[in-house]
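Contents: one structure, followed by commentary.
Residue numbers (the working numbering): 549 to 810.
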């Protein structure tokens, strides 16, 4: 009976929410169908937000593990419950205010997760300064930093692609610059540890890829600080895509051979 109750409780709560959504006007079939459509779109948004939140939590565990701190207790006991409840409200708001789900999905997720990843990087830098613990250079940790840089570059790319070129600089532009700057600080600290490891054990695929991603982030930060029309930034983004493609193929095809499939 416990399992049956657990299965049917979400259904019962979902049907009760229909009354609140329709403002008590739940009898007309049109109102019920509107609620069904709302529920479907809400589920899609919530799932995507949950996937992004899972990636955020995974990277948080990775980078804090690099300085010897265990963030699992705080994440599971505090961040995850608050994030899950907050995502319920955010997903509902997105359904009501963003009707063209497909074309707006990537920019909306960028707008949602840019502040969260910025906060993560700033807290990590503060924790590293407070504890004085250096960054470890284990292979898994380096992979985590590689993924973190890829996420930062992805957030920046999609934010730029969705921005109005004629709009004046705003708070979100400042937040993007803060995101890139904090990522550069974190990556500089990681590269310091990587350089020491390279001097001892030589290059490895993960360390070499991290160096390339760091330089890509430096280019983003430099371009954001220039006082040029926004269209110049858009053109640079598209012009630099072949460089990413070439580097990706080098890592995919040549790194396994160069480093003896380690």
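In this text, a Cβ means the ideal position worked out from N, Cα and C, and glycines have one as well.
Computed from a prediction, not measured in an experiment: that's the story for all the values here.
The C-alpha of residue 658 lies about 8 Å from the C-alpha of residue 704. The C-beta distance from residue 617 to residue 665 rounds to 18 Å, too long to fall under 8 Å, and the pair is not in contact. Residue 718 sits in coil when the DSSP states are folded into three classes, being neither helix nor strand. Between the C-alpha atoms of residue 706 and residue 677 there is a straight-line separation of about 31 Å.
Judged by DSSP in its simplified three-state form, residue 570 adopts coil rather than helix or strand.
Three or more Cβ pairs closer than 8 Å define a contact, and the region 605 to 624 falls short of that threshold against the region 582 to 591.
Per DSSP, the unbroken alpha helix (DSSP H) holding residue 600 starts and ends at 577 to 613. When the alpha-carbon of residue 740 is set against those of 798, 683, 628, 575, the nearest one is in 683. Distances from the CA of residue 615 to each of 692, 555, 595, 642 were compared; the closest alpha carbon is that of 692.
Of the residues assessed, residue 669 falls on the buried side of the cut-off, its CB having 16 or more other CB atoms within 10 angstroms. Within its own chain, no residue has a Cβ closer than 8 Å to the Cβ of residue 557 once the five positions on either side in sequence are excluded. Segment contact: the region 590 to 604 against the region 631 to 645, three or more CB-CB distances shorter than 8 Å; contact assigned. Classified as exposed, residue 736 has fewer than 16 neighbouring CB atoms from the shown chains inside 10 Å of its CB.
In the structure shown, the three-state DSSP call for residue 683 is coil.
Rounded to the nearest angstrom, the gap between the Cα atoms of residue 569 and residue 738 is 49 Å. Annotated as distal: residue 699 and residue 731, with beta-carbon spacing of 7 Å or more. In the three-state reduction of the DSSP assignment, residue 705 falls in the helix class, which pools H, G and I.
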